[in-house]
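Quick note: the sequence shown uses the numbering used here, first residue 1, plus one each step.
This report concerns only the one structure given below.
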Amino acid sequence: MAMLLIWVGGLVWFTTTLPGPAGAEKTQAIIVVTGGSGRVTRGLNVLEKGWSRRMFISGVYQKVRRVELAEELGKPRELLECCVELGKQAVNTRTNAEEAADWIAANNIASIRFITNDWHMRRARMELDREIAGDVVIVNDAVRGQTSFVVLVAEYNKFLARAVAQMIGY
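Given below as structure tokens:
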């Protein structure tokens, strides 16, 4: 019974304190992980505002090209051609973090704006923190997600599972 109460209390905390969007902080690059609505659009909007000069999108479908993305999102082709790189190796949150960390290291990035949905931010950030060097400054920029209670419960359970796995070294 006590474990159930602790779990419910954690779920209440998780669902009522979801991270929010960042302000106008400037960073060297933007990292967007795919999988939820509004994420890529938010990243491109930040790029257009000049809050960052480069963007890496992790977990992009193999056949997607920048020109198609520009057309679909109604953004200038030039913006994506000059400033956006597509990562096509990641298939889940954990591999998003690995792919993003590799890109950050390869490009000597010192600060990033990390974009994902609000309900996904805690677990995604936990995975990213595990993969990158400790001296990279990270600004969380959570996109408000329209999601169901079932998705929130599932994400909370995934968050708990990954936290425990990391504590035991996995």
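Ideal placement from N, C-alpha and C gives every residue a C-beta, glycine not left out.
Within this structure, are the beta carbons of residue i and residue j separated by less than 8 Å?
i: Gly43; j: Val32; result: yes
i: Ile57; j: Val46; result: no
i: Ile112; j: Thr27; result: yes
i: Ala142; j: Pro21; result: yes
i: Glu127; j: Arg77; result: no
i: Asn171; j: Gly59; result: The requested residue 171 is not part of the displayed model; the chain covers only 1 to 170.
At the level of alpha carbons, what is the spacing between residue i and residue j?
i: Arg122; j: Glu71; result: 31 Å
i: Leu73; j: Glu98; result: 26 Å
i: Val12; j: Met1; result: 17 Å
i: Ile115; j: Leu4; result: 32 Å
i: Trp7; j: Asp129; result: 24 Å
i: His120; j: Asn107; result: 25 Å
i: Ala165; j: Val137; result: 25 Å
i: Cys83; j: Ile30; result: 10 Å
i: Gly169; j: Lys75; result: 42 Å
i: Asn140; j: Gly35; result: 17 Å
i: Met55; j: Glu85; result: 6 Å
i: Leu190; j: Arg53; result: Residue 190 lies beyond the range of the chain shown here (1 to 170); nothing can be said about it.
i: Leu18; j: Tyr61; result: 28 Å
i: Glu158; j: Phe14; result: In the sequence on display, residue 158 carries Lys and not Glu. Approximately 12 Å, taken between the alpha carbons.
Within 10 angstroms of the Cβ of residue i, are there 16 or more other Cβ atoms? Answer buried if so, exposed if not.
i: Ile132; result: buried
i: Gly145; result: buried
i: Tyr156; result: buried
i: Ser37; result: exposed
i: Glu48; result: exposed
i: Met167; result: exposed
i: Ala124; result: buried
i: Arg162; result: buried
i: Asn92; result: exposed
i: Asp135; result: exposed
i: Ala110; result: exposed
i: Ala90; result: buried
i: Gly10; result: exposed
i: Gly87; result: buried
Taking Cβ positions only, does residue i come closer than 8 Å to chain C?
i: Gly35; result: The structure shown contains no chain C; it is built from a single protein chain.
Go through the segment 19-84 residue by residue and report every complete run of the alpha helix (DSSP H) that reaches 4 residues or more, in order.
Runs found: 39-48, 66-73 and 77-83.
So, do the segment 146-153 and the segment 53-68 have three or more beta carbon pairs nearer to each other than 8 Å?
Look at the beta carbons and you see the segment 146-153 not touching the segment 53-68: under three pairs across the two are nearer than 8 Å.
Let me know the alpha helix (DSSP H) ranges lying completely inside the segment 79-161, each 4 residues or longer, listed in chain order.
Taken in chain order, the complete alpha helix (DSSP H) segments of 4 residues or longer contained in the segment 79-161 are 93-106 and 121-131.
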